[in-house]
Structures are given as C-alpha cells and as structure tokens.
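In my numbering, the protein residues as written are 6 to 189.
Structure, rendered in structure tokens:
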C-alpha cells in the first residue's frame with residue numbers, strides 16, 4: 006500500500022506529544038545532537054560528518070555521565086539516524102520525542118511509562134488496537150497493526166540506570182494514523 010505523504014514529519018504531532026508528556030510531569034530539555042566519544046559506541050551512529058545521535062537517549066546519557074542531569078523525568082526531540090534498509094515504515098532519518106527517566110527506574114515504572122505512551126497513541130489511532138509486545142530480552146515495543154510505534158526498556162551503563170521510551174516517532178505515527186483511518 007502506498008501512502009500519500011509517507012515521508013512528511015508532523016510537527017503538530019510532535020508538539021502535541023510535548024504538551025501531553027509535560028502534563029505527565031516530563032521536563033523538556035534541549036540536548037546535544039552529536040554524540041561525543043565518551044558515549045559508548047553501541048549508543049552512537051557513525052557518519053562521515055561526525056556522530057549524530059541515534060536518538061535523544063544518547064544525548065541524555067552524555068549529560069548524565071557529565072553530571073549535568075539531575076534525577077528526573079525528561080523529554081527531548083532530536084533527529085534520529087539509522088543504518089538499516091528503508092521501507093514504508095523504516096527510514097534512515099526521522100524525528101523522535103524521547104523520554105528518559107532516572108528518578109524511579111523500576112519494572113513497575115517502566116510499565117507505567119508504557120501505559121502513558123499507549124494513551125498518547127490512542128488519541129490518534131482509533132480503529133486499531135495499541136499493543137504492548139514483550140520482545141523477550143527485557144524490552145518492549147508498542148505496536149499497532151503489527152507496526153512498531155516505539156521501543157521501551159531499562160538500560161545501565163557504569164553507575165547509571167535509566168528508562169528509555171519513545172514518546173512519538175515521526176513520520177511513523179502519521180503513517181500508522183493514515184493507514185488506520187483508511188482501513189475499512
């Protein structure tokens with residue numbers, strides 16, 4: 006199925022995500038878009054121009070490592086870069102509202118964050134169920150109609166531990182929204 010606007014980022018959906026998550030006590034934070042060498046290579050994406058972050062999680066980790074991020078509930082919007090095959094739903098570059106939680110890192114809080122994100126997605130996708138999928142390695146995806154809307158889990162690096170969560174990925178949410186509206 007071909008989408009009318011498969012590559013257009015909805016800045017409105019990203020903005021609505023910021024507003025929604027602010028009401029859930031997340032603090033918006035501007036973060037660096039390049040991953041410095043202190044960030045473990047597993048969390049970086051190399052390009053000839055430098056190492057742009059693969060998501061805001063890397064930027065938060067950098068601030069956390071440097072002691073510039075007090076414990077809390079944060080969000081940011083950054084470009085994301087991936088080295089994978091492109092298809093209708095997988096792009097090499099997109100925008101993502103990332104959630105990063107360090108004040109209550111537990112399985113139960115991860116579940117709460119996932120439920121919060123599901124509630125946000127339910128505002129835009131009415132016809133299809135929004136599902137939490139256990140990926141079997143301690144991480145979870147939220148999907149709709151077998152299309153991933155976001156990834157969720159707990160990570161550790163040295164003495165740091167955090168919850169990462171996709172608040173909004175664009176244009177993916179727009180694509181799934183369009184498909185669900187067109188579904189008869």
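The beta carbon of each residue, even a glycine, is placed where N, CA and C say it ideally should be. Owing to the predicted nature of the structure, the values given are computational and were not obtained by experimental measurement.
Length-filtered (3 minimum) beta strand (DSSP E) runs lying within the region 111–175: 135–139, 145–149, 152–162, 165–175
Residue 98 (DSSP reduced to helix, strand or coil): strand
Touch test, the region 101–119 against the region 165–174, Cβ-Cβ under 8 Å, three pairs minimum: yes
Coarse secondary structure for residue 235, derived from DSSP in three states: Absent from the structure is residue 235, since the part of the chain shown begins at 6 and ends at 189.
First and last residue of the uninterrupted alpha helix (DSSP H) at residue 86: Unbroken run through residue 86 is the beta strand (DSSP E), 78–86; no alpha helix (DSSP H).
Cβ-based burial, residue 32 [other Cβ within 10 Å; buried from 16]: exposed
Helix, strand or coil at residue 36 [DSSP, three-state]: coil
Environment of residue 81 [buried if 16+ CB atoms lie within 10 Å]: buried
Cβ-Cβ distance between residue 29 and residue 121 below 7 Å: yes
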